[in-house]
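> Those sequence lines, one after another, are chains A and B. In terms of the working numbering, the first sequence is numbered consecutively and its last residue is 313. In terms of the working numbering, the second sequence is numbered consecutively and its last residue is 395. Don't be surprised by glycine CBs; every beta carbon is placed ideally from N, CA and C.
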Amino acid sequence: MNNYMYSSSAISTIGNSTEANLLQLLIPIEKNKALIEPAYKEFINPMLLRRMGKATKMSVVCALKCLKKVDVTNLNAIIVGTGLGAIADTEKFLTIASQQGEKILPPTSFIQSGHNTIAGQIALLLKNDSYNMTHVQQGLSFEYALKDAVLSVQEGAQLALVGAVDEYTPLLQNFAERLKLEESVKNQLLEGAAFFTLGGSPKKAIAKIKAVSISSFKSVRDTLIKELSKFDLRLEDLSLGFVGYNLAKATIKELPFKTINYTNYTGRFFSSSAVGLHLATHFLQHAETDPQYLAVINIASKNKLGLIIVERV
Amino acid sequence: MKVFVTGLGVVSALGVGVNANFKALQKSITGIGLNTLLKGLTEPTYVGELDLSNQDMKRMLGFSKNDGIPRTALLGMLAAKEALGNTILNGERSGFISGTTVGGMDLTEDYFKEAFDNEDHKKVLSIKTHDLGTVTNFIANFCGNPNYVNTISTACSSSANSILLGARMIRAGLLDKVLVGGADALSRFTIHGFRSLMIYDNQPCKPFDAARNGLNLGEGAGYILLENDTSISQTKNNIYAELSGWNNANDAFHQTGTSPNGDGALKAMKGALNAASLNPTDIDYINAHGTATKNNDSSELNALAILFKKQQIAFSSTKSYTGHTLGASGGIEAVFSILSLKNKCVFPILNWLNLMEQKFKQPVTTYQVNVKINNVMSNSFGFGGNSTSLIFSKV
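#1: Could you please give me the residues that DSSP links to A:ARG178 through a beta bridge?
#2: Near A:LEU305, what residues of its chain come up, given a Cβ to Cβ distance below 8 Å and the 5 sequence neighbours on each side ignored?
#3: Report the neighbours of A:LYS249 on chain B: residues whose CB is nearer than 9 Å to its CB, in chain order.
#4: Suppose contacts are defined by Cβ-Cβ distances below 9 Å. Is B:ASN287 in contact with B:SER337 by that definition?
#5: Kindly indicate which three-state DSSP category B:GLN368 falls into: helix, strand or coil?
#6: Which bits of chain B does A:MET133 rub up against, with CB to CB less than 8 Å?
#7: Is B:HIS396 helix, strand or coil when you go by DSSP?
#8: Would the C-beta of B:SER244 count as close to the ligand GTP, meaning under 8 Å from any of its heavy atoms?
#9: What residue range is occupied by the uninterrupted alpha helix (DSSP H) comprising B:ASN71?
#10: Tell me whether A:ASP166 is buried or exposed, calling it buried when 16 or more other Cβ atoms sit within 10 Å of its Cβ.
#11: Are any of the Cβ atoms in chain B nearer than 9 Å to that of A:PHE110?
#12: What is the DSSP secondary structure of A:ASP71, counted as helix, strand or coil?
#13: Along the chain, where does the alpha helix (DSSP H) containing B:ARG59 start, and where does it finish?
#14: Where does B:LYS348 fall in DSSP's three states?
#15: Straight-line CA distance for B:HIS324 to A:GLN154?
#16: Along chain B, which residues have their Cβ under 9 Å away from the Cβ of A:VAL136?
#17: Would you check if the region 5–13 of chain B and the region 287–296 of chain B touch, i.e. whether three or more CB-CB distances between them fall below 8 Å?
#18: Would a C-beta distance cut-off of 9 Å place B:GLY290 and B:PHE392 closer than the cut-off?
#19: Between A:PHE257 and A:GLY241, is the Cβ-Cβ spacing less than 9 Å?
#20: Got a sec: is the Cβ-Cβ distance from B:THR256 to anything in chain A below 9 Å?
#21: With a cut-off of 9 Å, does the C-beta of B:PHE208 fall near any C-beta of chain A?
#22: Using a Cβ cut-off of 9 Å (strictly closer), state whether B:LYS396 contacts chain A.
#23: According to a CB-to-CB cut-off of less than 9 Å, which residues of the region 274–292 of chain A neighbour chain B?
#24: Considering B:ALA140, what are the terminal residues of the alpha helix (DSSP H) in which it resides?
#25: Between which two residues does the beta strand (DSSP E) holding B:ALA13 run?
#26: Determine, using beta carbons only, whether B:VAL124 comes closer than 9 Å to chain A.
#27: Have a look at B:ASN228, B:LYS342 and B:MET269 and flag the residue whose alpha-carbon is nearest the alpha-carbon of B:ASN248.
#28: Helix, strand or coil: which one does DSSP assign to A:ALA88?
#29: Return the chain-ordered list of same chain residues with a C-beta closer than 8 Å to the C-beta of B:LEU203, the five sequence neighbours on each side being excluded.
#30: Quick one: what does DSSP say B:ILE391 is sitting in, helix, strand or coil?
#31: Would you call the region 306–320 of chain B and the region 345–352 of chain B in contact, with 3 or more CB pairs under 8 Å?
#32: I'd like to know if the region 299–311 of chain B and the region 260–278 of chain B are in contact, where contact means that at least 3 CB-CB pairs between them fall below 8 Å.
#33: Whole beta strand (DSSP E) runs in the region 240–309 of chain B with 3 or more residues, listed along the chain?
#34: Can you list, in chain order, the residues of its chain whose CB lies under 6 Å from that of A:GLY244, leaving out five sequence neighbours each side?
#35: Alpha carbon to alpha carbon, how far is A:THR73 from B:LEU307?
#36: Can you pull the chain B residues whose beta carbon is under 8 Å from the beta carbon of A:SER130, in chain order?
Here it is as structure tokens:
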């Protein structure tokens, strides 16, 4: 069974640009941390928007933009990955609760703090009663969500919406400093969201998801060879790799193809590989050369690796 | 490909282990009482609390007292250990999927209350175990080294969904065995949260009763081991039940409330029946979601009435024993559902006096044994409209 992608949308430093030369326009995160954001109020009623946390707001709008490009009559699955969920609302409710104690507290930040508020809110706005799932597994949250979407399509879902999000807060930066995380992690901590639609029909597809895998690794090269072989592919079949780092410091220099470190441009957050996939898909659509396969390699932690292979259609 | 249940593990306010829990259910003894271990609440609160401290559990599990492990992970490890028995989860064909909502919140909220302005570097380390994935990793590492390690967080249906996802992975041939379920500890965060929504009962909760006035939170963990034939031929584990049907649907009505007729609940129950190729008349007992909030119980009862019509359907909510254990509830109640199937018994609801405003469908109020039970349905519904129904069948 093939899994095709029909649309892709992101809210991040790289935005949702349709520029063919997007890769040349990328600015290192050290020089620019500003997200390219849409006017949220054009998509969401202002009353509702005020209650939404950043992660929910980004996801909902990103999802709506992604769905604009497709026929949503048979949207059979809404799947979200997030490492920390609505962490700002969690911080807010924790702070109110520790300051005000037992008094009856305003419930908004508690309601918004649930990890599945994001997927639930998308379903609510679309009045969609289908499969609704939220995966929360640190730096692999997006890969697990994507695997679920691929499985849903195999099971017969005509259209699956899948995406990932994480939000930045000053407190997370504070913790990163206090916990003495790697310099590169501290300097690149950021936020973003990306959503995609998948299905089994090749009609109007922009790319094909050839593989999604999660593995333990010692050597990136050896693990890639092993994972690729499961899909009858070799390292030589890949023409470009989009490599992202999560909490890990690892650097890879052992690959026979060109690599682009996307987290240098998107910043680091648990679900950054979703933006990595958005970038890879964009490149595949606009590349002048003719790459057949691209890899999104997510060094999720010092021993876990996520791999997504996108194929040209 | 069939999905079999070959291991059960549970920890709740009723105690540690399947036996302790089963005995309490048989004798209709509740685990709900006023809080003792959970500190920092200014008024006494009815909760389903396990009477073991974190240090007690660390000792039982072989950790040192200084190990920074959240309570959710400790509860989870106790239940996972029982469910696995001698089975070890290793390699590419094994998985662990845990449902949770609070994760490491207990250590986080202590940090926020006592240590936020403290520059002591050691104290800030407690924040490292806050995220849900870290808690799942603790339990996964304790179970072996499975390749697929994932966390589902969909509020009160989290662990029902981890069971559903594990079943789908086995059916699709992606895994041979997977430990599924979930864990959640009590926290001030969630107690304050449900109080802020005005749905926390200051008295012991009364699911499906006319005078129900909200939920009591509880804590615990429930895991079941799912295996396919290939795996069972190697592990030689006993089969407790078949997980024959599952479905997840969305109510798409309100962020925290449920639709009057439980549209999501109804769709999930119908979907699970459909997946199991069963009719409503094939269901012998329903372990209902039954949180004792006005909204949930009314919607769920209406959905039951629509699906089961005039049929005398036996149902109860074991949350009157354990409290609402949030992300753990689907796992704990899956274990209870399988106990019902295996022992041909139905656990009665506690604190029930009067029919709800609808004036139909009375829950089971006395312990019944030696009844025909071939199929048990377990419901879990959560915020965000998330609705999941599972069906366990006799093998």
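In this structure, then:
#1: Counting from 1 along the first sequence, the entry for residue 178 of chain A is found at position 178. Within the DSSP bridge table, the entry for A:ARG178 names no partner.
#2: The count along the first sequence starts at 1 and reaches residue 305 of chain A at position 305. The residues are ILE214, SER215, SER216, PHE217, VAL220, THR223, ILE297, ASN298 and ILE299.
#3: Here residue 249 of chain A corresponds to residue number 249 of the first sequence, with the count starting at 1. Correct list: empty, because the minimum Cβ distance to chain B is about 17 Å.
#4: Taking the second sequence and counting its residues from 1, the one referred to as residue 287 of chain B is at position 287. Taking the second sequence and counting its residues from 1, the one referred to as residue 337 of chain B is at position 337. Remark: C-beta atoms of B:ASN287 and B:SER337 approach each other more closely than 9 Å.
#5: Position 368 of the second sequence holds residue 368 of chain B. In the three-state DSSP reduction, B:GLN368 falls in the strand class (E or B).
#6: Residue 133 of chain A sits at position 133 when you count from the first residue of the first sequence. Result: ILE152, THR154, ASN161, LEU165 and ASN248.
#7: Residue 396 of chain B is absent from the structure shown; chain B starts at 1 and stops at 395.
#8: Of ligands this structure carries none, so the ligand GTP is not represented either.
#9: Residue 71 of chain B sits at position 71 when you count from the first residue of the second sequence. According to the sequence shown, residue 71 of chain B is Arg rather than Asn. Here the alpha helix (DSSP H) through B:ARG71 covers 71–84.
#10: The residue given as residue 166 of chain A occupies position 166 in the first sequence. Looking at its Cβ environment, which holds 16 or more other Cβ atoms inside 10 Å, A:ASP166 is buried.
#11: Start at 1 with the first residue of the first sequence, and residue 110 of chain A comes out as number 110. Yes, A:PHE110 lies at the interface with chain B (some Cβ there is under 9 Å from its Cβ).
#12: Position 71 of the first sequence, counting from 1, holds the residue named residue 71 of chain A. DSSP places A:ASP71 in coil when its eight states are reduced to three.
#13: Counting from 1 along the second sequence, the entry for residue 59 of chain B is found at position 59. Counted as a single uninterrupted DSSP element, the alpha helix (DSSP H) harbouring B:ARG59 occupies residues 54–61.
#14: Numbered from its first residue, the second sequence carries residue 348 of chain B at position 348. It should be pointed out that residue 348 of chain B corresponds to Pro in this sequence rather than to Lys. Three-state DSSP puts B:PRO348 in coil, outside helix and strand.
#15: Numbered from 1 along the second sequence, position 324 holds the residue referred to as residue 324 of chain B. Numbered from 1 along the first sequence, position 154 holds the residue referred to as residue 154 of chain A. Distance between the alpha carbons of B:HIS324 and A:GLN154 is about 35 Å.
#16: Locating residue 136 of chain A in the first sequence gives position 136, counting from the first residue. In chain order: THR100, GLY103, ASP131, LEU132, GLY133, THR136, ASN150, THR151, ILE152 and SER153.
#17: The answer is no - the region 5–13 of chain B does not touch the region 287–296 of chain B, with fewer than three Cβ pairs under 8 Å.
#18: Against the second sequence, residue 290 of chain B aligns to sequence position 290. Against the second sequence, residue 392 of chain B aligns to sequence position 392. Not a contact, by the Cβ cut-off of 9 Å.
#19: Residue mapping note: residue 257 of chain A aligns to position 257 of the first sequence, counting from 1. Residue mapping note: residue 241 of chain A aligns to position 241 of the first sequence, counting from 1. Contact check for A:PHE257 against A:GLY241 passes: the beta carbons are separated by less than 9 Å.
#20: For the purposes of this step, residue 256 of chain B is taken as residue 256 along the second sequence, with counting starting at 1. Proximity of B:THR256 to chain A, defined by a Cβ-Cβ separation below 9 Å, is satisfied.
#21: Locating residue 208 of chain B in the second sequence gives position 208, where the first residue counts as 1. B:PHE208 does not count as touching chain A.
#22: Since the first and last residues shown for chain B are 1 and 395, residue 396 of chain B lies out of range.
#23: Listed in sequence order: no entries.
#24: Along the second sequence, read from residue 1 onward, the residue named residue 140 of chain B stands at position 140. Here the alpha helix (DSSP H) through B:ALA140 covers 132–143.
#25: Residue 13 of chain B sits at position 13 when you count from the first residue of the second sequence. It is not in any beta strand (DSSP E) - B:ALA13 carries neither H nor E in the DSSP assignment.
#26: Taking the first residue of the second sequence as position 1, residue 124 of chain B is located at position 124. Taking a beta-carbon distance threshold of 9 Å, B:VAL124 counts as an interface residue toward chain A.
#27: If you number the second sequence from 1, residue 248 of chain B lands on position 248. Considering only B:ASN228, B:LYS342 and B:MET269, the residue with the shortest C-alpha distance to B:ASN248 is B:MET269.
#28: In the first sequence, counting from the first residue as 1, residue 88 of chain A sits at position 88. The answer is helix: DSSP assigns A:ALA88 an H, G or I state.
#29: Here residue 203 of chain B refers to the residue found at position 203 when the second sequence is read from its first residue. What sits at residue 203 of chain B in the sequence shown is Gln, not Leu. For B:GLN203, same chain residues with a beta-carbon under 8 Å away, outside a window of 5 residues either side, are TYR46 and ASN213 in chain order.
#30: Locating residue 391 of chain B in the second sequence gives position 391, counting from the first residue. In the structure shown, B:ILE391 falls within a strand segment according to DSSP collapsed to helix, strand and coil.
#31: With a cut-off of 8 Å on Cβ pairs, the region 306–320 of chain B is in contact with the region 345–352 of chain B, counting three or more such pairs.
#32: Touching, yes, given that three or more Cβ pairs across the two stretches are closer than 8 Å.
#33: Every beta strand (DSSP E) of 3 residues or more that sits fully in the region 240–309 of chain B is shown, in chain order, as 241–250 and 285–287.
#34: Walking along the first sequence from the start, residue 244 of chain A turns up at place 244. For A:GLY244, same chain residues with a beta-carbon under 6 Å away, outside a window of 5 residues either side, are TYR262, THR263, SER272, SER273, GLY276 and ASN298 in chain order.
#35: Taking the first sequence and counting its residues from 1, one reaches residue 73 of chain A at position 73. Taking the second sequence and counting its residues from 1, one reaches residue 307 of chain B at position 307. When rounded, the distance between both Cα atoms is 26 Å.
#36: Counting from one through the first sequence, the residue named residue 130 of chain A turns up at place 130. Within 8 Å Cβ-Cβ: ALA249 and ASN250.
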